[in-house]
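First the structure, in the form of structure tokens, and then the observations on it.
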Amino acid sequence: MSPRNLALSPDVHAYLLGVSLREPPVLAALRAATAPRAEAGMQISPEQGQFMALLVRLMGARRCIEVGTYTGYSALAVALALPADGTIVACDVSEEFTQVGRPFWREAGVADKITLRIQPALATLDELLALPGGRGGYDFAFVDADKDNYIPYYERLLQLVRTGGLIAIDNTLALSSVPILHLETPAAIAMKAFNAHVHQDARVDLSMLPIGEGLTLLRVL
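Numbering follows this note's numbering, in which position 92 of the sequence shown is assigned residue number 196; successive positions increment by one, without gaps.
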């Protein structure tokens, strides 16, 4: 047994996808529609989307939150994994980016499961906290947005996600394929501060996984 995680070479990564990825055609089509965009690197990988969908199914999640939707791939992956009465609140500030994904949400038959809120996510999270059934009313949350606000997002999600629920945080190891360990940009400094914050937080169970650019899973206690 190796004491380290396997660094995937391109051929090993291609093999991984070839023997494990079961990407629905509608998700593949959305990924293809996003790929030509200059900022397409903001989209999560298909294997990460599949992993998140598996987590949602394992939990039996019904109510979810997403902070940072981009063109809607992750929201669609989660929505497809939800039961018929499941919902996801998708938070973003860009009409331009999110309108790319909306036709694919409709094509997949899950548009009615996704409530898109175009405004700063902190405002949306505060509104959810003020609603009846908001506090402790959600099963799963995913954060992939502006890094400076990761700690404020996390603190609000700790109030929104139920005991035993899961918060998944993206980019905890790297930004634009560069390890945050080797960066001193504002975003990297914010991510390192977030990692230190949750590492010491006794309110959650913690596991950081080398999936994509780092995916930290936090189980609310």
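Glycine included, every Cβ here is placed at the ideal spot set by N, Cα and C.
Query raised in the report: Relative to the C-alpha of PHE244, which residue among ASP250, LEU226, ASN253, LEU264 is closest?
Result: LEU264
Query raised in the report: How long is the line joining the alpha carbons of LYS251 and ALA294, rounded to whole angstroms?
Result: 6 Å
Requested in this report: Using the Cα positions of GLY145 and GLN152, report the straight-line distance between them to the nearest angstrom.
Outcome: 14 Å
Query raised in the report: For the candidate residues ALA291, GLY122, LEU220, GLU170, whose alpha-carbon lies nearest to that of LEU270?
Result: GLU170
Requested in this report: Answer yes or no: do THR219 and ASP196 have a C-beta to C-beta separation smaller than 8 Å?
Outcome: no
Report task. Counting only runs of 4+ residues fully inside the segment 107 to 174, write out the alpha helix (DSSP H) ranges in chain order. Result -> 114 to 124, 129 to 138, 150 to 163
Query raised in the report: If you count every other CB in all the chains shown that lies within 10 Å of the CB of GLU143, and 16 or more means buried, which is it?
Result: exposed
Report task. Return no unless some Cβ of chain C is closer than 8 Å to the Cβ of ASP216. Result -> Of the protein chains in the structure, only one exists, and it is not chain C.
**Report entry** ALA165, buried or exposed, once every other Cβ within 10 Å from all chains shown has been counted against 16
**Finding:** buried
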